[in-house]
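According to this note's numbering, the sequence shown holds residues 1 to 728 in order.
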Amino acid sequence: MNLLYISEDHLNSKVHHQLCNALMNSEEQLNITLFSVARTGIGFQDIRSLYEDPLYDEKVVPLTNSHFFYKYWFPYKIRTKWRLLLNSVDLFQINYVHAATLFSEGIMAYRCWKYYGIPYSVTIRGTDINFYLKKMPHLWHLGREIVRNAKKVIFISPAQQKSAYLAPPFFKIQKILEEKSIVIPNGLDPYWHLHRAKREVRKPSKWLYVGKFDRNKNVEFLIESFLKARVERSDWELHLVGGGGDREQAVLQLIEQNPEAIVYHGVEYDKERLQQYYREADAFIMVSKSETFGLVYLEALSQGLPVIYTKGEAIDQLFENQKVGIAATLKDPAGVTNAMLTLFDHYDEYCAEVANLDLSLFDWEKIANSYISFLSPYFYRHQQIAENEELPFISIICPVYNEENYVKQCIESVIASDYPHSLMEFFLIEGGSKDRTREIIGSYTERYPWIKIVENPEKIVPYALNYGIEQAIGDLIIRIDAHAIYPRNYILDLVRWQMRLDADNVGGLCRTLPPKPTTTARVIAEVVSSKFGMGNAYFRVGISQVRKVDTVPFGCFRRTIFEEIGLFDTELIRNQDDEFNGRINKYGGSVYLVPQIVSDYYARDTIKKTARMFFQYGLYKPLVNKKLGSPATLRQFVPPLFVLGLIVGTILAATVPYIIYPFLLVLIIYLGTALDYGRKGSRKWADWKFYFVMPWVFFVVHCSYGVGYWHGLYKVMFKKSFQAEVNR
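Here it is, written out as structure tokens:
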């Protein structure tokens, strides 16, 4: 499974790196891409130099401009992050997404589901609850939508889970949230597991804080509370390790004012030095205003230190029935002071509890297994073939001509198939390519004897298909295209559905992908996948249940059907599949479309190539109708009628009064529909140019097909020869 892990905090928090590495170690079939935006220049520190080597694929994209807008204008941040994600990760290859926060990573995951159908889970953290859900009510609806459509909602502490349940934005979906939520804590670095320590019995006097000096960490309030407690315990010391943050100067000033009570050690990342600070201290204290988890608490506990933490935050409620420290109430000015005095008054009791604490809950291997438990349904497992299941010998045929950019991944996808190689043969019918296609195929035929090259001197597709069928010995013949890639279950599922339905031809849905990351290529892929562009061509726009259809892409044919109704019509450079499937239906056969079977097809990358292809589709359609005796569908008449309407409407509008108004109305409706698809495409691909390019591509596709159709009808009516250049 290909997992996309989205975390903007990856650069300055090690937990995401450690989780991804642990997941990679736990599941050999898992591939992880970690996406993060490097927000350089706005106060974020990149500490990846402290990380171990990543086992995952790291996609850290630098934010090169508009740092201010990215930080303070949320809509701009979302648009920018989505655009950067699309340009750095091929979402068509992703099977699952995990977002490290509800906002804004969760929005990225939600869009992956909305536009690409990718399932996702999301972690809700302290910032989501204490900032976005409290101070940004315009995002409440979106937050609820993210939760509704998520497969799982992760909390890293019971306190955060409880806070989310009580958050007003989630009142409407509280039951859904409760059903989907699970608590999985962060892990503790293996170093602290290996170097656990118990506290020696002694009179306590030293407090330790480790962390940033920012507003949320509340260090100034901590110092104030400590100084109040020190009035009663004059031998106490407060040791501070850390720095940075928006309150650093204020904290340093307090340190200078109290040199006899506060000891400052500076910033420290070295674990051995940190371990020394922990062991020299008697207790740990951090009273943040909000804290999602706080790994420093666990580090302190691993060294035998009892802790003081904020009530309702961080590790509160994480250790049930164990006195690891005291949860202080910040609303009470004396709350932290009293907590400090109480803890040292009963110091031995707390140290005894901490010494017996089980920290295995925070082992990264166990945490990774918790994630794997809910991710496992989305892993691809090789389909098991029962011992008594009789599978037929199959022949796969694939016409190729100048396909150096696509043929390798096509062949690789067939090789990776679950279908036994001993029960298949694979013919690549080569039309004398002028690029490296033949060389690439040759590198595979040397290694795989069941992959073979067949010559196609005529170059065009119907001849290639017939040559392949004549060479084939399989009981079933599967026709594929070099422009497509096929999932591992594709061939086995085709064969099983063909046998189950006893059909003459079975095919699946075709998901159209852009071959290049350009606006034009992406627009073309969207157009040929839309109902406005293609009508009710089920294999392109999708269905929910198995059904009989007029045609399918590619397909798995019963071998005897070619003996019964003949081979592919070699007069048809295009539409030979439509004609052959029409012939099957005409003679009482059956063609089925199975929505559970999906292949990925790469569209043309330029408008010129697309126009030429659809012109040829339209050109040969009248000839197909003539051969079949009737049109297979009514949708084929829409583009030629559109072209005719444009011509006649323009003439009438110029000559007949008032005709121009209904004519313009039709054009406005057409343009409005195209622009609406452009709007949807623009949001999906984070590209405003869709608004301008998409209407033009719709127009080109419809007109190319329509003009081709009228040209083909002319040839059929006046018995002209069909001649066209090969366009592969």
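All C-beta atoms, glycine included, are put in the ideal place defined by N, C-alpha and C.
Does the distance from the C-beta atom of residue i to that of residue j stay below 8 Å?
| i | j | result |
| --- | --- | --- |
| Phe35 | Ser88 | yes |
| Glu353 | Val324 | yes |
| Tyr486 | Ser395 | no |
| Val701 | Val527 | yes |
| Ala100 | Ser7 | yes |
| Leu298 | Phe362 | yes |
| Val219 | Arg196 | no |
| Gly582 | Pro553 | no |
| Ile118 | Leu84 | no |
| Ile107 | Leu142 | yes |
| Phe155 | Asp128 | no |
| Val336 | Val296 | no |
| Phe379 | Met1 | yes |
| Ile561 | Gly588 | no |
| Lys203 | Gly211 | no |
| Pro306 | Ala328 | no |
| Ser157 | Pro185 | yes |
| Gln636 | Arg574 | no |
| Tyr350 | Leu357 | no |
| Ala611 | Ala525 | no |
| Val523 | Met717 | no |
| Asn95 | Leu19 | no |
| Gly242 | Phe221 | no |
| Ala159 | Asp316 | yes |
| Glu52 | Asn31 | no |
Measure the beta-carbon distance from residue i to residue j and round it to whole angstroms, keeping in mind my assumption that it falls under 8 Å.
| i | j | result |
| --- | --- | --- |
| Lys206 | Glu280 | 7 Å |
| Asp600 | Leu494 | Actually they do not touch by this definition, with Cβ atoms about 15 Å apart. |
| Arg558 | Asp504 | 5 Å |
| Gly294 | Tyr278 | So it is not a contact: roughly 14 Å between Cβ atoms. |
| His711 | Leu634 | So it is not a contact: roughly 20 Å between Cβ atoms. |
| Glu179 | Leu341 | Not really, about 43 Å apart at Cβ, beyond 8 Å. |
| Ile173 | Val147 | 6 Å |
| Glu455 | Glu430 | 6 Å |
| Lys59 | Thr33 | 6 Å |
In terms of DSSP beta bridges, what is residue i paired with?
| i | result |
| --- | --- |
| Val495 | Val495 is not bridged to any residue. |
| Ile32 | Leu3 |
| Thr123 | Ile154 |
| Cys510 | Ser599 |
| Asn505 | Phe557, Val591 |
| Val307 | Phe284, Gly325 |
| Val60 | Ser36 |
| Met424 | Ile394 |
| Trp207 | Leu238, Ala283 |
| Arg479 | Ile397 |
| Ile485 | Asp600 |
| Lys548 | Tyr592 |
| Ile453 | Leu428 |
Report the residue from the options whose alpha carbon sits nearest the alpha carbon of residue i.
| i | options | result |
| --- | --- | --- |
| Val263 | Gln249, His239, Glu563 | His239 |
| Tyr538 | Ala38, Asn456, Val598, Ile411 | Val598 |
| Leu509 | Thr519, Tyr592, Thr570 | Tyr592 |
| Lys737 | Tyr96, Thr518, Pro622, Val241 | It is not possible to answer for residue 737, since the shown part of the chain is limited to 1 through 728. |
| Ser49 | Ser13, Asn25, Ala22, Thr80 | Ser13 |
| Leu139 | Tyr191, Pro462, Ser529, Ile78 | Ile78 |
| Ala632 | Gln303, Thr610, Leu641, Thr551 | Thr551 |
| Leu391 | Lys408, Arg230, Cys410, Met424 | Met424 |
| Leu177 | Ile453, Ser121, Gly211, Asn216 | Ser121 |
| Gln275 | Asp282, Arg39, Gln303, Ala283 | Gln303 |
| Ala472 | Lys408, Trp73, Phe427 | Phe427 |
| Arg488 | Gly442, Cys410, Ile543 | Cys410 |
| Ile415 | Gly432, Gly442, Tyr448 | Tyr448 |
| Pro515 | Gly187, Ile607, Lys548 | Ile607 |
| Leu572 | Arg547, Pro622, Asp9 | Pro622 |
| Met534 | Pro75, Val697, Tyr116, Tyr165 | Val697 |
| Lys452 | Lys684, Ile565, Gly468 | Gly468 |
| Phe393 | Thr123, Tyr463, Leu675, Ser422 | Ser422 |
| Leu194 | Glu389, Leu359, Lys720 | Leu359 |
Using a beta-carbon distance below 8 Å, is residue i in contact with chain B?
| i | result |
| --- | --- |
| Thr329 | Of the chains in the structure shown, none is chain B; there is only one protein chain. |
Would you check if there are 3 or more beta carbon pairs closer than 8 Å linking the region 638 to 652 to the region 470 to 484?
The answer is no - the region 470 to 484 does not touch the region 638 to 652, with fewer than three Cβ pairs under 8 Å.
Below 8 Å, can you find three or more Cβ-Cβ pairs linking the region 660 to 676 to the region 580 to 595?
Verdict: no, contact absent.
Taking 8 Å as the cut-off, does the region 457 to 477 touch the region 395 to 409 (at least 3 CB pairs, one atom from each stretch)?
Judged by Cβ distances under 8 Å, the region 395 to 409 makes contact with the region 457 to 477, as three or more pairs qualify.
Does the region 128 to 141 touch the region 706 to 713, meaning 3 or more C-beta pairs lie closer than 8 Å?
Remark: fewer than three beta-carbon pairs, one from each stretch, lie closer than 8 Å, so the region 706 to 713 and the region 128 to 141 are not flagged as touching.
Per the contact definition of three or more C-beta pairs closer than 8 Å, is the region 437 to 447 in contact with the region 403 to 413?
Yes: at least three Cβ pairs fall under 8 Å.
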